[in-house]
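Working notes, beginning with the structure itself.
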Amino acid sequence: MTDSHASKPSDTKTRILDVAEALFASNGFRQTSISRLARAAGVNLAAVNYHFGSKDALIRQVIERRLLPVHRLRVQRLEAVRETCTAQGLRPDVAELLRAFVEPSFSLTRGGDGGQRFLLIIGRVMAESDESIRNIFIRSFKPSFMLFFSLMRKSLPGLPKNELFWRLHFVASALGHAMRVHGAAMPSSELFPPKSDVDTVVRILMAFLTAGLKAPSHRESTACPPE
Numbered sequence: 001m002t003d004s005h006a007s008k009p010s011d012t013k014t015r016i017l018d019v020a021e022a023l024f025a026s027n028g029f030r031q032t033s034i035s036r037l038a039r040a041a042g043v044n045l046a047a048v049n050y051h052f053g054s055k056d057a058l059i060r061q062v063i064e065r066r067l068l069p070v071h072r073l074r075v076q077r078l079e080a081v082r083e084t085c086t087a088q089g090l091r092p093d094v095a096e097l098l099r100a101f102v103e104p105s106f107s108l109t110r111g112g113d114g115g116q117r118f119l120l121i122i123g124r125v126m127a128e129s130d131e132s133i134r135n136i137f138i139r140s141f142k143p144s145f146m147l148f149f150s151l152m153r154k155s156l157p158g159l160p161k162n163e164l165f166w167r168l169h170f171v172a173s174a175l176g177h178a179m180r181v182h183g184a185a186m187p188s189s190e191l192f193p194p195k196s197d198v199d200t201v202v203r204i205l206m207a208f209l210t211a212g213l214k215a216p217s218h219r220e221s222t223a224c225p226p227e
């Protein structure tokens with residue numbers, strides 16, 4: 001075979017990643033063997049080992065190749081909000097911080113079949129009993145989430161730290177669910193909202209999350225009224 005007909009190493013690696021993503025999404029991580037993956041990708045086991053070294057390294061790259069660009073964009077947008085507020089001597093605005101955190105995630109729903117497969121993978125990661133797989137997601141998510149948390153503390157200084165932490169976890173959970181419902185093929189059912197464009201979903205989600213974050217502390221809402 002001549003060089004003109006041979007696959008470039010980068011093409012081979014991308015093909016392995018694409019096939020791995022599809023198999024992990026449909027079958028799960030541990031249920032997908034490397035030998036089956038190699039056959040589906042049209043390569044030998046040596047090629048998989050050459051490009052990735054181990055199955056765990058392959059799983060990590062499948063997850064990180066789509067997540068890391070999202071998290072980098074999220075950090076950039078959060079930093080931009082912080083710089084603007086610092087220059088103006090203002091507290092960060094809740095809605096601006098939410099938009100910087102939420103909008104980059106929806107790039108995954110625009111990724112065609114690959115984006116839809118990856119939404120299934122995120123669901124598998126969060127339900128995965130293997131801690132090493134969950135930790136891949138947590139490590140990539142941590143920098144943007146902790147920056148989001150620190151800026152929200154400045155934006156909502158009267159909210160107890162523990163309560164804010166819980167509210168931001170609710171934000172992340174609602175965001176993940178909205179992405180899956182919007183990006184994945186859902187069954188026709190009264191249980192699911194009608195199909196909407198990304199901008200509409202983001203507007204509805206933003207209104208919901210902003211109201212939740214700005215709500216009074218549960219300590220205030222449960223306090224007994226004066227007699």
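Here full-length UniProt numbering is used: the first residue of the sequence shown is 1, the next is one more, and so on.
Built from N, CA and C at the ideal position, the CB exists for glycine as well.
Checklist entry - Do Ile121 and Ile34 have their CB atoms nearer than 8 Å? => result Position 121 of the sequence shown, counted from the first residue, corresponds to residue 121. Position 34 of the sequence shown, counted from the first residue, corresponds to residue 34. Result no, Cβ atoms of Ile121 and Ile34 do not sit closer than 8 Å.
Checklist entry - What's the C-alpha gap between Glu103 and Gly212? => result In the sequence shown, the residue the question calls residue 103 occupies position 103. In the sequence shown, the residue the question calls residue 212 occupies position 212. Whole-angstrom Cα-Cα distance: 18 Å.
Next on the checklist: What does the Cβ neighbour count give for Arg167, buried or exposed, with the cut at 16 atoms within 10 Å?
Outcome noted: Here residue 167 is taken as the residue at index 167 of the sequence shown, counted from 1. Burial state of Arg167 is buried, judged by a 10 Å Cβ sphere holding 16 or more other Cβ atoms.
Item to check | Whether Val81 touches Ala100 by CB criterion (8 Å) | outcome: Start at 1 with the first residue of the sequence shown, and residue 81 comes out as number 81. Start at 1 with the first residue of the sequence shown, and residue 100 comes out as number 100. The Cβ atoms of Val81 and Ala100 sit closer than 8 Å to each other.
Next on the checklist: Quick check on Lys208: buried or exposed, where buried means 16 or more other Cβ atoms within 10 Å of its Cβ?
Outcome noted: Numbered from 1 along the sequence shown, position 208 holds the residue referred to as residue 208. Here residue 208 turns out to be Phe, not Lys, going by the sequence shown. By the 16-neighbour rule on beta-carbons within 10 angstroms, Phe208 is exposed.
Next on the checklist: Can you tell me where the alpha helix (DSSP H) holding Pro69 begins and where it ends?
Outcome noted: Numbered from its first residue, the sequence shown carries residue 69 at position 69. Where Pro69 is concerned, the enclosing alpha helix (DSSP H) stretches over 55-88.
Next on the checklist: Quick check on this structure: which residue in Asn135, Val202, Arg139, Phe145 has the alpha carbon closest to the alpha carbon of His169?
Outcome noted: For the purposes of this step, residue 169 is taken as the residue at position 169 of the sequence shown. For His169, the closest alpha carbon among the candidates Asn135, Val202, Arg139, Phe145 is that of Phe145.
Checklist entry - Rounded C-beta distance between Ser155 and Leu205? I'm assuming under 8 Å. => result Working through the sequence shown from its first residue, we reach residue 155 at position 155. Working through the sequence shown from its first residue, we reach residue 205 at position 205. Their Cβ separation, rounded to whole angstroms, is 18 Å, which puts Ser155 and Leu205 out of contact at 8 Å.
Checklist entry - By Cβ distance, which residues of its chain are closer than 7 Å to Ile133, with the 5 residues on each side in sequence left out? => result As a working mapping, residue 133 is identified with position 133 in the sequence shown. Taken in chain order, the residues that qualify are Phe29, Ile59, Val125.
Checklist entry - When you compare each of Val43, Arg219, Leu23 to Thr12 by their alpha carbons, which one comes out closest? => result What you label residue 12 is simply residue 12 of the sequence shown in a count that begins at 1. Ranked by how close their Cα comes to the Cα of Thr12, the residues Val43, Arg219, Leu23 have Val43 in first place.
Item to check | Beta carbon proximity, Thr210 to chain C, threshold 8 Å | outcome: Looking at the structure shown, chain C is missing, and only one protein chain is on hand.
Checklist entry - Applying the criterion that 16 or more other CB atoms from any shown protein chain within 10 Å of the CB defines a buried residue, is Ser105 buried or exposed? => result To locate residue 105, count along the sequence shown from 1; it is residue 105. Buried: at least 16 other Cβ atoms inside 10 Å.
Next on the checklist: In this structure, how does DSSP classify Asp18 when only helix, strand and coil are distinguished?
Outcome noted: By 1-based counting over the sequence shown, the position of residue 18 is 18. The answer is helix: DSSP assigns Asp18 an H, G or I state.
Item to check | Residue of Phe149, Arg180, Ala47 minimising C-alpha distance to Ser10 | outcome: The count along the sequence shown starts at 1 and reaches residue 10 at position 10. For the residues Phe149, Arg180, Ala47, the minimum Cα distance to Ser10 belongs to Ala47.
Checklist entry - Going along the chain, which residues of its own chain have a beta-carbon closer than 7 Å to the beta-carbon of Leu159, five neighbours each way excluded? => result Walking along the sequence shown from the start, residue 159 turns up at place 159. For Leu159, same chain residues with a beta-carbon under 7 Å away, outside a window of 5 residues either side, are Ser217 in chain order.
Next on the checklist: For a test of the three-state rule: what should DSSP assign to Asp199, helix, strand or coil?
Outcome noted: Taking the sequence shown and counting its residues from 1, the one referred to as residue 199 is at position 199. Helix at Asp199.
Checklist entry - What residues in its chain sit with their C-beta under 8 Å from that of Leu68, if we drop five residues either side in the sequence? => result In the sequence shown, residue 68 corresponds to position 68, counting from 1. Scanning its chain for C-beta atoms nearer than 8 Å, with the 5 sequence neighbours on each side dropped, one finds around Leu68 the residues Ser140, in chain order.
Next on the checklist: In whole angstroms, give me the CA-to-CA distance for Gly53 and Gln61.
Outcome noted: In the sequence shown, the residue the question calls residue 53 occupies position 53. In the sequence shown, the residue the question calls residue 61 occupies position 61. Gly53 and Gln61 have their C-alpha atoms some 11 Å from each other.
Checklist entry - Is it buried or exposed for Ala57, if we count other Cβ within 10 angstroms and need 16 for buried? => result What you label residue 57 is simply residue 57 of the sequence shown in a count that begins at 1. Ala57 is exposed by the Cβ-count criterion.
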